[in-house]
Structures are given as C-alpha cells and as structure tokens.
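Under my numbering, the very last position in the sequence shown is 78; numbers go up by exactly one each time. Below: the structure, in structure tokens.
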Amino acid sequence: MQMGIQEALTGVFTDDPLNWVKWAAVFAVLILGYVVAVPAYKRITYLLSWERKRDIARSRNHIIEAALLK
Numbered sequence: 009m010q011m012g013i014q015e016a017l018t019g020v021f022t023d024d025p026l027n028w029v030k031w032a033a034v035f036a037v038l039i040l041g042y043v044v045a046v047p048a049y050k051r052i053t054y055l056l057s058w059e060r061k062r063d064i065a066r067s068r069n070h071i072i073e074a075a076l077l078k
C-alpha cells in the first residue's frame, strides 16, 4: 500500500497543528542559523587570515624585500 505525501507527513509529525508549528519553528531556526553562520564564518576566517595581514602590510608598505640563497 502506498501512502500519499500528506499521509506520510501526518504519520511522521502527527495531526496536531501545535506540533506542526513546533516543527516549523525548529526548521526555521536551523535554516536561519545556517544563513547567519556561513557568512559569519567566512568573515571571521578572513579577518584572522594571513592573506588579510599580508594585504595590510603591503598597503602600509611594511614589506621587506628578500630572496632565498642557495
């Protein structure tokens, strides 16, 4: 016997509308957390990165020209 989508969702989440609201809130928090966390992670990694420090040093002309000798 095959279940439709509505019966499958009702089987998982029950018929109680309050339960549906709770699950919607859980999914909203997860999605919003992801939306906030990914750009924040990218921003924090950039602020702590060596590339940023290198760019700041170059912009302030704090570069020492050097060469490796064999």
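Just so you know, even glycine gets a beta-carbon here, dropped at the ideal spot from N, CA and C. As the structure is a prediction and not an experimental result, all values here were calculated from the model.
Contact between R62 and Y54 does not hold, since their C-beta atoms are separated by about 12 angstroms, which reaches or exceeds 8 angstroms. Under the three-state reduction of DSSP, G19 is assigned to helix. A direct Cα-Cα distance of roughly 24 angstroms separates A65 from L77.
Under the DSSP assignment, S67 falls in the alpha helix (DSSP H) whose first and last residues are 58-67.
In the three-state scheme derived from DSSP, where H, G and I count as helix and E and B as strand, I71 is classed as coil. Under the DSSP assignment, G41 falls in the alpha helix (DSSP H) whose first and last residues are 25-55.
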